[in-house]
Structures are given as C-alpha cells and as structure tokens.
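Numbering (the numbering used here), first residue to last: 40 to 619.
I have placed the structure first, in the form of structure tokens, so that the comments after it can refer back to it.
Printed below as a string of structure tokens:
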C-alpha cells in the first residue's frame, strides 16, 4: 500500500555540539556527542504518510475522477431554452417552467440563452448525463442558487464560444442550507468551453459540487463571500483561465469520510486567486503537475489566530511541474503529512514558514525560491537531492524539527537539547540560504553527501549558527560554502577548512592551497565573522590560505582552526511567528 498510518515517537539521540563557554576565540567544537538521561515528550499523529512522494504514486492511491469529455456529447443535439426575464420557454418535454424556475428533468443537451431572474434546476434521473450550454446567458437568483443540480449522474456546463455568461445567487442562506453556492451540484460537475463565465457567490460559495468538480477550459471569474471553487470529493483544474476572489478558501476539497478523496489537482490552465483564508485547501492531497498558479492568501486576515496558507494539504502536497507563485500570511506551502517537489518553478513569500511539512519534505528537482519567511523550509525530515533551492528567512533558513522535544538532564550539547531523530540531508542540487537565525538547523542530524550548499548569516553570533544540530553534522560529499558567525566542526569523510575572518556583503572569499592554486571562491551575501568550506579539493592535513577581496586574511590547516564560538540549540518544532 502506498499509504500507511504512522505514529511518530521521539527517539532520543546524542546531544549535538560541545559548548565551550567563556572563550573569546576557540577551536571548532567537535560534533561528537554524549548524554546521560532524557525526559522525552512523545507526540503522536495519525496523519497518513506517503512513501512515494510523486504525483503518479499519490494519484494512483486516490479515487478516480469523473469527467465528461467534449467528445461525449454533441452541440448539434441541443434543445433550446430561451430565458426571458421572469419567465422562460422551451419546446422540450424535458423542460418545465414554473414561474421563474426552469427545471430540466431528463438527460440531454440544453442551450440556455437570454436573461432570467430566477433559477435553473436539474432534477434528472440518477443515471442521466445533462449538458447545459450557456450561450449569452444571464441568470440571477434572489433567494436561491442560480443553478442547482439536485439529481443526475454527470452534469456539464459548456461555455459557448465567444459568449459572456453571468451567474449570481442570493445574498444569504439559512445556516443549514445544503445548496449554498451560485452554482451548486449534487452530481459530478464538469465545466468546459471557450466562452466566459462570471460567477458571483453573494451568499456563500461560487461554484460547488458535493462530488467531483472538474474544469477543462473556459475563462472563469468567481467572486465569492466564502469559497470560490469547492469540489467535495475532488477538485481538478486541467485548463482554462481562472480568476478567483474568495473571502474563504479559493479552491477547496473537503471530503473527510474517504481517505481516497478530498484532493485538489492542477494539471494545466492559469489560476489566479486572492483569498481571505487558504489558496488551496485539501483534506488529503494537493497535486500540481502543470499550469500557472498565482495565489495571494490572507490578504484580509486580521485576526491574531488567522492562519491563511497558500497551499494546505492534510496528507501530501506534490509539485512536479508548472509555475507556482504564492504570497501567504501564514505558511506558503503546508502539509500535515509530507511534501514532495519534483519539478516546476515555486516562488514563495510567507508570513511564517515558506514550505512546511509535519513529516517529510523532499526536493528532487525544480526551482524553489523562498523570498521572504520566518523559517524557510521546515519538516521533521528534509532531503534536497536536486533542483535549485534559494531560501531567505528572518529566523532559521532550513529547520529539521518536529513536535517532539527532548530535554537532556546533565548531558553535553546545545543548550541542554538532545537529538530527537530529525534529519536534514543534502545529496544533490544547489541550496542557497540567507538567514537571520541558524542557516541550517536540525534537532537531529545534518548530512552532506552531494550538491552545492551556500549559507550566509547570521552575521553575529547571538546564540545562532550558520549550521547547527543537536546530533552529528556529517560532511561526506558535495561542496559547502559558509560565511557567517558561528561554525561547528563536522564529522564525516570529507575534509574541510574554517577560519575566523570578517568581511561584508559582496566581498569575495577565496581558498587557495599551499601552492597558491585556487580551491574555492564565493561571494558573501551578508557581513560575516567566520568562513567554512568543504569540498573534494581539500586534503587531509593540508595548509590553506583564506583571502578576502584578494587580501590574505589567514592561513589555516585542514580540520583545525579558530571560530567565534558555538551555536545555540537546534530549533524547536512547528514554531516561528508570522511577519508583521
């Protein structure tokens, strides 16, 4: 099975760094560890974890989506329904008109044109496929949804080419009203066509289906008091141009009784959304495999307890292609389970975490940029194996942390904090971090086996370190460049050099060997008081010169040097604070 329920239990490990307090200058402390006794707090979760964080694997574990393709019906079969203000007319026996209510009672294709101050109702047999072609239709309901599907198997709303169609509903619904959207369906709903649809959800949601909601094409604008688009069982955007303005969530799927439903998929099209709450809100999964997504979440969030997220998934969030831009008052991308990024372009501005998973965050490919955040990337297990990742954070840049805390009684380490099993691994790709707190931080271990990692900051110690862990920091491959304030000596097979040298943002730091041959060079992005480099060009016991802007700063021996002190403890789990 792809999915399994997992209980997270704290696994006390050894304390990360040996603090040598009271020394102005100090040999880099070893990350060898010891501990005596721990008080462990165990946090359990029943979130479902996917072992394969790819779109194919996640979608294969979910229910099939019901969609009616354009080749499954013919416009030439359309029955005409003429809307005339407070009435309507049709020659079809499948259409009844009662005052301002037009009811479709049989399967078929129906063309609606004109203006109606009333309601369209689909009450067809349970196995019926009903197609509504909107052809310059204007439907406005004063005390109900404008279009309501009470019974049918599948319903299609087709937007005729070159037409503009408008739909609006009542300004209020009873608290217990089930049909509470401008377009409401109790059947699977597909929207297609090359025309335009403008929806005003004055009383609650814009477009809602209690089954699957699929958008294949069309130019669709939704302005809703609450959610703009809601597909309870699932919500899929495969094409079209969507402009959404929601007081609640922009796109929502909230089926919570079936673990294979309650998901959102974007495989194409252009989605632009502004929401008071989450941009995407899924009970289970969010999967993006194409298209363009631009989300502004929490533009009107003023309550202290508001937490509008750009993308919020209850189980797994996957991004494998497309162009995703997020500006969120809370987390940019959030999952109560795990997140997998395997491609595409992701740009996040957030008021809290840029990308946050309660369990696993893996980045295999793609361009990921967090332009503003409190903590850039956070999860219990973080793995960067490919792609280009660029993180800017006011606190920790990349933080491997969870809800589990372990306090060490009498053990040595970062401020009394013991390692609790979290992991941060860089095995490929390019990772750049600019942080006001710890650049890379783990309550457990940090491991480098490949890729290129550059860390800038913090510029002064203050208990923060460029790379900080409660467990081992292992250098076994790749290149690691650090210009900051506090350094911790790593373990591992790959050699390294470090030096207490200072400089400013924009300065060029170069490492040369004893013969003067260049080994590494990088440009500092923040002011710094110490530098570190590990890469394949460093040999065991070798002598190296560190220069700043071409001026010799110091000569150091591999594996031994002085620094400005030690870092503080690894970051706490699920913390942070929103930007002002």
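Glycine residues also receive a C-beta, built at the ideal position from the N, C-alpha and C atoms.
As the structure is a prediction and not an experimental result, all values here were calculated from the model.
Under DSSP, residue 535 shares a beta bridge with 573.
CA-to-CA, the gap between residue 471 and residue 428 works out to about 6 Å.
Spatial neighbours of residue 317 in its own chain (CB-CB distance under 7 Å, excluding positions within 5 residues in sequence) are listed in chain order as 288, 336, 347, 348 and 351. In terms of Cβ geometry, residue 377 and residue 393 do not form a close pair [threshold 8 Å]. Under the DSSP assignment, residue 540 falls outside any alpha helix (DSSP H); it carries neither an H nor an E label. Between residue 212 and residue 219 the beta-carbon gap is near 4 Å, inside 8 Å, which marks them as a contact. A direct Cα-Cα distance of roughly 16 Å separates residue 570 from residue 552.
In its chain, beyond the 5 residues on either side, 518, 520, 549, 550, 572, 574 and 576 have a beta carbon closer than 8 Å to the beta carbon of residue 559. Boundaries of the alpha helix (DSSP H) harbouring residue 97: 94-99, taken from the DSSP string. Look at residue 217 here: in three-state DSSP terms it is coil, with no helix or strand label. Across the structure, residue 483 and residue 440 are spaced so that their CA atoms are roughly 8 Å apart. Across the set 177, 162 and 380, the C-alpha of 177 shows the shortest separation from the C-alpha of residue 127. As the crow flies, the alpha-carbon of residue 431 is around 9 Å from that of residue 437. In the displayed model, residue 115 falls within a helix according to three-state DSSP. Between the alpha carbons of residue 497 and residue 214 lies a distance of about 52 Å. Taking C-alpha positions only, residue 216 is separated from residue 183 by approximately 10 Å.
Pairing residue 435 with residue 476 gives a Cβ-Cβ distance under 8 Å.
Taking C-beta atoms under 8 Å as the contact rule, residue 121 and residue 152 qualify, at a distance of about 6 Å. Secondary structure of residue 109 (DSSP, three-state): helix.
Contact between residue 280 and residue 308 holds, with the beta-carbon distance rounding to 7 Å and staying under 8 Å. For residue 438, the uninterrupted beta strand (DSSP E) run begins and ends at 437-439, by DSSP. Taken through DSSP and simplified to helix, strand or coil, residue 334 comes out as strand.
Under the three-state reduction of DSSP output, residue 497 falls in the coil class, being neither helix nor strand. The shortest C-alpha to C-alpha distance from residue 424 to any of 370, 490, 102 and 266 is the one to 490.
For residue 524, the closest C-alpha among the options 567, 563 and 536 is that of 567. In this structure, residue 538 and residue 464 do not form a Cβ contact; the two beta carbons are roughly 26 Å apart against a cut-off of 8 Å.
In this structure, the straight-line span from the alpha carbon of residue 148 to that of residue 373 is close to 42 Å. Residue 277 places its beta carbon less than 8 Å from that of residue 306. The Cβ atoms of residue 233 and residue 198 lie closer than 8 Å to each other. With contacts defined as CB atoms closer than 8 Å, residue 395 and residue 370 qualify as a contacting pair. Out of 595, 587, 588 and 591, the CA that lies nearest to the CA of residue 581 is found in 595. When secondary structure is reduced to three states using DSSP, residue 291 falls in the strand class.
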